[in-house]
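>
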Amino acid sequence: MPPKLEETVMSDLEQAIRERAYQLWMESGAEHGHAERHWLEAQREVLSVSLGAVARVSKVSSDKKPKPAASRKKRRAA
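Going by our numbering, the sequence shown opens with residue 35, and the numbers climb by one from there.
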C-alpha cells in the first residue's frame, strides 16, 4: 500500500475509533476515569468490523477468479 494511502486508512480508522469511544463515554453517563476502557472497546469494535469487511471482499475476489480447467489425461492405445 502506498505510504499516502496507508496514512489515510490509519487516520480514518483512528477517527472511527475516536468517535466510537466518545459514543461509549456518552452512553456510560460521561463519567471520567474510563477513557482507556472506552478507547479499547471502541478499537476492538471498529477493527472487528473493518477486518470482517476485508475478509468478505477477499472472499468475493477469490470466488470470482476463474478456476483452472480440469486436465485430461490421454489414454494410450493398447
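Think of the CB as a built atom: it goes at the ideal place given N, C-alpha and C, for glycine as much as any other residue.
1. Between A87 and G63, what straight-line distance do the alpha-carbon atoms span, to the nearest angstrom?
2. Could you work out which residue in E41, Q57, S45 is closest to E79 when comparing CA atoms only?
3. How far does the alpha helix (DSSP H) with P37 in it extend, from its first residue to its last?
4. Give me the Cα-Cα distance between R90 and S45, rounded to the nearest whole angstrom.
5. So what does DSSP say about A31, is it helix, strand or coil?
Quick answer:
1. In the sequence shown, the residue the question calls residue 87 occupies position 53. In the sequence shown, the residue the question calls residue 63 occupies position 29. In this structure, the alpha-carbon of A87 lies about 31 Å from that of G63.
2. By 1-based counting over the sequence shown, the position of residue 79 is 45. Out of E41, Q57, S45, Q57 has the C-alpha closest to the C-alpha of E79.
3. Counting from 1 along the sequence shown, the entry for residue 37 is found at position 3. Per DSSP, P37 belongs to the alpha helix (DSSP H) from 37-61.
4. Indexing the sequence shown from 1 puts residue 90 at position 56. Indexing the sequence shown from 1 puts residue 45 at position 11. Each residue's Cα considered, the two are about 22 Å apart.
5. Absent from the structure is residue 31, since the part of the chain shown begins at 35 and ends at 112.
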